[in-house]
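**Student:** Got a structure here, written out as structure tokens. Questions coming.
Residue numbers (the working numbering), protein chains in the order written: chain A, 1 to 324; chain B, 325 to 826.
The following block contains the structure:
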């Protein structure tokens, strides 16, 4: 693209979106699309921040759940929406992984959106049924390596956080476990509680309460440092599994062409919401923490998305699993 | 006497003026949305969620729970009056309930449904209170093999749903199973029968299919022949059941409550079997099985009780494990988290006020529902006298809004239109929609659990007979199969007898 074309494009974009960021944005209700069903962990995160952002913006943010096809339907809907700042998307790591998991996406992940900022990064915990033999993570590693072909690994479906973490776990341990997919975290967790499956790696949002109650066993976390919530749980990196560092990061996006002023306004509002004590406490109860003010910016989210697409592409291609 | 003091505490919490008010608002809203065809509890609770943030956690959960079982209640009203079930459970009620309405017995059907539901709801609430922890332990014994065998039992039962040709019923079950295969394969991620449309990646929407094959098809049939509807409204003699009818409903209600309570506990889709299972039991036990499908009282009383009992006991996995049994409960968990209560196995001990307050409110809510609904029956029946050219566009509009509100997916509306036409063609061919719906609901569960059981057993099919619960369920299915086909053999003999009598 030549400079003049770029300038022309920018000019056109400015004219087209001019009314949208007229001084008073936002002037009416904003729709926040969550590409997953109501009540799930992503929906909960969305509703938590939407409530506080509404207070700051002076306009209600209404959460709309457009579930289906691993979040790609909701993302596709926002990609096609008017870039006026009244439709935003809250999506998690799936935004990056679906770029590889789905080979015929209706949108171009890197070119269909503008960025508002990161919201939170939920840590993952390696867990097993309550009566699983190994006592700690090093023992777990040895045991799983020795018994790989007789152990089962649950996940909540292709593309789910537990599926991604499971792929990383198997690649790190070089242990091809028997993978048992479920339709969602609920049934997978039920079977882990009932001892029907052996291992699952999932977000703290889903595992914290069960770990505290002793109904499942926790072995390691995937964060760079130990969690304040579980000071006794080692990180996977402590045992030398550097590759097993990741979290389920959530970000807010707007359709391509949304004015930078609008994204900045939303980003400011997001930073305020994340600084709220109530939000911090609710997130702490779920085992996560709000993103910092530096991360809740368009630049940080853009960099994260690009890095994560590059990171997961080889992992998914090595596993040879696609969702289409 | 822990239980009594706990219950007393629960009633103390639930009967505070504010909580009574929120319970009332919940059941009222629930009844209302249940009566509006297609608009489900999930959509309503999702919309109301932001409002509940301002309330006390107990109050907001009491209200949301009220919406949930209020909607179950209201759903049977539309199933009976206009053959429009909004959920899998009320699809069964529609079979005989709508026939009763066509005979001018709409009031009786509604009263039976209300009273049966109240009784079942009360009993099931106490079951939740007394047995929640031990029942959870049993539910956790259910793995993939057990669920597979349970679904096999459900499919065997589906044959009994038919009141015409068994062959056509089987064909409908198979068609339902095939429709259930539309969507993404859980194990490989491959899209099946989606015709390349990502909007169908998660399968066909149940509400769209049910509203289509039952409701829209019925509207098309009525437009063809207005005469039927005049019969329906002119023949109304009584609104409430006679003493004889009361006597008839006792057995079905008791059995329905039992069946529903047991199946409701299973988080993997047990509750959806409750109404179907109860219908089968009643038809088998009845002295007049030929009345089923033509307005049998037991065909309404049993399934309605089972459905409501199951709705109450399905709170057990939520409250004791923190795991939602359906989308409505997932939303309630979301509401709890935002309120700062993270549901999990410790909720009972950490938040006794919340746990017992909700349980007590369920009973109070059920009482409110029956008090509200009995006087309303007259009003609902009057609704049938609304001229059809006014009523049917309203129903169509409501259905469309309701179906769209579930997923905000316009393709669901195309599905309604398609299944409406299919339902009309089916009625011309004398094929019944209920077995199709059962196949549609059970098919995906059957396949998912079959394949999961096989993965877990490393491809060893004996897992279904070596696991005791699974084996027991399969034996039971076999017994039901024999019971279903035995009367056909016996009927031939009976025919000989009746001829000689005459």
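Ideal Cβ positions, reconstructed from N, Cα and C, are used throughout, including at glycine. Since the structure is predicted, the reported quantities are computational estimates derived from the model, not experimental observations.
Spell out whether any CB of chain A is found under 7 Å from the CB atom of residue 381/B.
**Tutor:** No, because no Cβ of chain A sits closer than 7 Å to the Cβ of residue 381/B.
**Student:** Taking only beta-carbon atoms, is residue 764/B less than 7 Å away from chain A?
**Tutor:** Chain A, which has no Cβ nearer than 7 Å to the Cβ of residue 764/B, makes this no.
**Student:** Near residue 155/A, what residues of its chain come up, given a Cβ to Cβ distance below 6 Å and the 5 sequence neighbours on each side ignored?
**Tutor:** 162, 163, 166 and 181.
**Student:** Could you tell me if the beta carbon of residue 458/B falls within a distance shorter than 6 Å of some heavy atom in the ligand COA?
**Tutor:** For the ligand COA, the structure offers nothing, since it holds no ligand at all.
**Student:** In angstroms, rounded to a whole number, what distance separates the CA positions of residue 715/B and residue 721/B?
**Tutor:** Their backbone Cα atoms lie some 10 Å apart in a straight line.
**Student:** Pick from 421/B, 446/B and 482/B: whose alpha carbon is nearest that of residue 436/B?
**Tutor:** Of the candidates 421/B, 446/B and 482/B, the one whose C-alpha sits nearest the C-alpha of residue 436/B is 421/B.
**Student:** Could you tell me which of 239/A, 168/A and 229/A sits nearest to residue 319/A, measuring between CA atoms?
**Tutor:** Considering only alpha carbons, the answer is 168/A.
**Student:** Please check if any C-beta of chain B sits within less than 7 Å of the C-beta of residue 32/A.
**Tutor:** False, the Cβ-Cβ gap to chain B never drops below 7 Å.
**Student:** Comparing C-alpha positions only, which one of 413/B, 360/B and 443/B sits nearest to residue 694/B?
**Tutor:** For the residues 413/B, 360/B and 443/B, the minimum Cα distance to residue 694/B belongs to 443/B.
**Student:** Could you give the residue range of the beta strand (DSSP E) that holds residue 118/A?
**Tutor:** Segment 113 to 129, the beta strand (DSSP E) holding residue 118/A.
**Student:** Can you list, in chain order, the residues of the segment 646 to 677 of chain B whose Cβ is nearer than 9 Å to any Cβ on chain A?
**Tutor:** Within the segment 646 to 677 of chain B, the residues whose Cβ lies closer than 9 Å to some Cβ of chain A are 646, 647, 648, 649, 651, 652, 653, 654, 655, 656, 657, 658, 659, 661, 662, 663, 664, 665, 666, 667, 668, 669, 670 and 671, listed in chain order.
**Student:** Buried or exposed for residue 579/B, going by 16 or more other Cβ atoms inside 10 Å?
**Tutor:** Buried, because 16 or more other Cβ atoms sit within 10 Å of the Cβ of residue 579/B.
**Student:** Do we get a CB-CB distance below 7 Å when we pair residue 180/A with the residues of chain B?
**Tutor:** At least one chain B Cβ lies under 7 Å of residue 180/A.
**Student:** So which residues of chain B does residue 48/A contact, with C-beta pairs closer than 9 Å?
**Tutor:** Those are 661 and 662, listed as they occur along chain B.
**Student:** Do you know how far the Cα of residue 335/B is from the Cα of residue 390/B?
**Tutor:** Near 15 Å, if we compare the C-alpha coordinates of residue 335/B and residue 390/B.
**Student:** If distances are taken between C-alpha atoms only, which option among 80/A, 29/A, 197/A and 65/A comes closest to residue 257/A?
**Tutor:** Comparing Cα-Cα distances from residue 257/A to each of 80/A, 29/A, 197/A and 65/A, the minimum goes to 80/A.
**Student:** Could you confirm whether any beta carbon from chain A is found closer than 7 Å to the beta carbon of residue 644/B?
**Tutor:** Cβ-Cβ to chain A under 7 Å: no for residue 644/B.
**Student:** Which runs of the beta strand (DSSP E) fall wholly inside the segment 496 to 521 of chain B and span at least 3 residues, in chain order?
**Tutor:** Entirely contained in the segment 496 to 521 of chain B, not one beta strand (DSSP E) run reaches 3 residues.
**Student:** Who pairs with residue 290/A in a beta bridge, going by DSSP?
**Tutor:** The partner list for residue 290/A (beta bridge, DSSP) reads 120/A.
**Student:** For residue 109/A, does the three-state DSSP call read helix, strand or coil?
**Tutor:** Coil, per DSSP.
**Student:** Quick one: any contact between the segment 502 to 518 of chain B and the segment 526 to 533 of chain B, if contact means 3 or more CB pairs under 8 Å?
**Tutor:** Verdict: yes, contact present.
**Student:** So, using beta-carbon positions, are residue 275/A and residue 283/A closer together than 7 Å?
**Tutor:** In this structure, residue 283/A does not lie closer than 7 Å to residue 275/A by Cβ.
**Student:** Would you please verify whether the beta carbon of residue 414/B is less than 7 Å from any beta carbon of chain A?
**Tutor:** Residue 414/B does not count as touching chain A.
**Student:** At the level of alpha carbons, what is the spacing between residue 768/B and residue 315/A?
**Tutor:** When rounded, the distance between both Cα atoms is 30 Å.
**Student:** What residues in the segment 57 to 83 of chain A have a beta carbon less than 7 Å from any beta carbon of chain B?
**Tutor:** Per Cβ criterion, the list reads 64, 65, 66, 67, 68, 69, 72 and 73.
**Student:** Give me the DSSP bridge partner(s) of residue 251/A.
**Tutor:** DSSP lists 91/A and 118/A as partners of residue 251/A.
**Student:** Rounded to a whole number of angstroms, what is the C-alpha to C-alpha distance between residue 279/A and residue 255/A?
**Tutor:** In a straight line, the C-alpha of residue 279/A is about 26 Å away from that of residue 255/A.
**Student:** CB-CB under 6 Å to residue 31/A, same chain, minus the five flanking residues each way: which ones, in chain order?
**Tutor:** The answer, listed in chain order, is 62, 64 and 87.
**Student:** At which residues does the beta strand (DSSP E) containing residue 219/A begin and terminate?
**Tutor:** Per DSSP, residue 219/A belongs to the beta strand (DSSP E) from 216 to 221.
**Student:** Whole angstroms is fine: what's the gap from residue 173/A's alpha carbon to residue 239/A's?
**Tutor:** Between residue 173/A and residue 239/A, the C-alpha separation is close to 11 Å.
**Student:** Once DSSP output is grouped into helix, strand and coil, what is the label at residue 202/A?
**Tutor:** In this structure, residue 202/A counts as strand in the three-state DSSP scheme.
**Student:** Which residues in the same chain have their Cβ closer than 6 Å to the Cβ of residue 250/A, if we skip the five residues on either side of it in sequence?
**Tutor:** If we look at residue 250/A and ignore the five residues flanking it on each side, its Cβ neighbours are 45, 92, 119 and 120.
**Student:** Going by DSSP in three states, residue 408/B sits in which element: helix, strand or coil?
**Tutor:** Of the three classes helix, strand and coil, the one that applies to residue 408/B here is coil, per DSSP.
**Student:** Rounding to the nearest angstrom, what Cα-Cα distance links residue 392/B and residue 365/B in this structure?
**Tutor:** Taking the straight line from one Cα to the other gives about 6 Å.
**Student:** Which chain B residues sit within Cβ distance under 8 Å of residue 37/A?
**Tutor:** Those within 8 Å of residue 37/A in chain B are 651 and 654.
**Student:** On the CB-based measure, 16 or more other CB atoms within 10 Å of its CB, does residue 803/B come out buried or exposed?
**Tutor:** With fewer than 16 Cβ atoms within 10 Å of its Cβ, residue 803/B is classed as exposed.
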